[in-house]
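Colleague: Each residue of the sequence shown is one higher than the one before, counting from 1 in UniProt numbering. Beta carbons: idealized from backbone N, C-alpha and C, even for Gly. Got a structure for you, written out below as C-alpha cells; questions coming shortly.
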Amino acid sequence: MPLINFLHQGLAWIEPAIVTYGVLALLVILYFESFGVPLPGESALIAASLLAVRGDLAIGHVFMAAWLGAVLGDSTGYLIGRIGGRPLLNRFGYLVKLTPERLSRLEKTVETKGFFMVLTARFIVVLRQLNGLIAGSAGMPWPHFVVANALGGLLWAGLWSFGPYFFTDAFKQLV
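Shown next, in the form of C-alpha cells:
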C-alpha cells in the first residue's frame with residue numbers, strides 16, 4: 001500500500017498544474033520528459049485530454065501542446081546526444097539501466113533502422129525519453145531525425161490526445 005500512496009502523491013500535482021497553467025504546463029512537462037527527465041508525460045497528456053472532455057481545455061490546444069512538447073523535447077535530446085554523445089550516455093545511462101552493451105545495440109539499430117526507431121520510440125516507455133539522445137549520439141542525420149520525430153510525435157500526440165477525448169463516453173457505457 002505505501003507504494004500506491006507514493007505513486008498517487010507523485011502524480012497528484014499533474015491535474016492542478018494543468019488546470020492552473022493550461023496547456024503550457026502540458027507542453028513543459030512533455031518537453032522535459034522527452035529528453036530524459038523522469039516526468040509522467042503520458043499521464044499528463046491523458047489528464048489534459050480528460051480536462052478537455054470536461055470543457056476546461058480545448059482538445060486542439062491539448063494536441064498542439066503535446067506535439068510541440070514532444071518534438072521540441074526530442075530535438076533537444078538529439079542535440080544533447082550530438083554534443084555530449086556516448087560519453088554522456090555511458091556516464092549516466094546506469095540511471096535507466098542503459099548499459100554500454102545495450103547502448104551499442106541501440107546505436108546499431110539507429111544505423112540500420114533509425115527512422116523507424118525514432119518514429120515508434122515515443123510509444124515505448126524509457127525509449128520515449130532516450131530516443132533523441134541515442135539518435136544524436138549515434139550520428140543519425142538531422143533531416144531524417146526531424147521527419148521521423150515530427151511524424152512519431154504527431155501519431156503519439158494524436159493517439160493520447162484524441163483517444164481519451166473521444167472514447168471516454170464509450171468507456172463509461174461499458175462500465
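#1: Between the alpha carbons of W142 and Q173, how many angstroms are there, rounded?
#2: Going by CA-CA distance only, name the one from S104, D74, L26 and F32 that's closest to A52.
#3: Quick one, are the C-beta atoms of Y78 and G132 less than 8 angstroms apart?
#4: Confirm, please, whether the CB-CB distance from V62 to S43 is below 8 angstroms.
#5: In three-state terms, what does DSSP make of L45?
#6: Return helix, strand or coil for G163, following the three-state DSSP convention.
#7: For the alpha helix (DSSP H) that I124 lies in, which residues bound it at each end?
#8: What separation, rounded to the nearest whole angstrom, lies between the Cα atoms of V65 and W156?
#9: DSSP on V175, reduced to helix/strand/coil?
#10: In terms of residues, what are the limits of the alpha helix (DSSP H) holding W67?
#11: With three or more beta-carbon pairs closer than 8 angstroms as the criterion, would you say the segment 101 to 110 touches the segment 149 to 167?
#12: Roughly how many whole angstroms lie between the Cα atoms of A121 and V110?
#13: For A70, is the classification buried or exposed, using 16 other Cβ atoms within 10 angstroms of its Cβ as the cut-off for buried?
#14: Mind checking whether F145 and V118 have CB atoms under 8 angstroms apart?
#15: DSSP three-state label for K97, please.
Modeller: In this structure, then:
#1: Sequence index remark: in the sequence shown, residue 142 carries index 142 (1-based). Sequence index remark: in the sequence shown, residue 173 carries index 173 (1-based). Those two C-alpha atoms are separated by around 46 angstroms.
#2: On the sequence shown, position 52 is the one that residue 52 refers to. When each option's Cα is compared against that of A52, the closest is L26.
#3: As a working mapping, residue 78 is identified with position 78 in the sequence shown. As a working mapping, residue 132 is identified with position 132 in the sequence shown. Yes, the pair counts as a contact, with Cβ atoms nearer than the cut-off.
#4: For the purposes of this step, residue 43 is taken as residue 43 along the sequence shown, with counting starting at 1. For the purposes of this step, residue 62 is taken as residue 62 along the sequence shown, with counting starting at 1. Not a contact, by the Cβ cut-off of 8 angstroms.
#5: Residue 45 sits at position 45 when you count from the first residue of the sequence shown. Helix at L45.
#6: Taking the first residue of the sequence shown as position 1, residue 163 is located at position 163. Helix.
#7: Translated into positions along the sequence shown, residue 124 becomes position 124. Per DSSP, I124 belongs to no alpha helix (DSSP H) and is neither H nor E.
#8: In the sequence shown, residue 65 corresponds to position 65, counting from 1. In the sequence shown, residue 156 corresponds to position 156, counting from 1. Checking the displayed sequence, the identity of residue 65 turns out to be Ala instead of Val. So the two alpha carbons sit approximately 12 angstroms from each other.
#9: Along the sequence shown, read from residue 1 onward, the residue named residue 175 stands at position 175. Any reading at V175 is ruled out, since the residue's pLDDT is 48, under 50, leaving its predicted position unreliable.
#10: For the purposes of this step, residue 67 is identified with residue 67 of the sequence shown, where counting begins at 1. Run containing W67: I59 to F92, per the alpha helix (DSSP H) assignment.
#11: no
#12: As a first step, residue 121 must be located in the sequence shown, where it is residue number 121. As a first step, residue 110 must be located in the sequence shown, where it is residue number 110. Looking at the two C-alpha atoms, the distance is approximately 11 angstroms.
#13: Along the sequence shown, read from residue 1 onward, the residue named residue 70 stands at position 70. Under this definition A70 is a buried residue.
#14: Residue mapping note: residue 145 aligns to position 145 of the sequence shown, counting from 1. Residue mapping note: residue 118 aligns to position 118 of the sequence shown, counting from 1. Against a cut-off of 8 angstroms, the Cβ pair of V118 and F145 comes out as a contact.
#15: Position 97 of the sequence shown, counted from the start, is the residue given in the question as residue 97. Correct three-state label for K97: coil.
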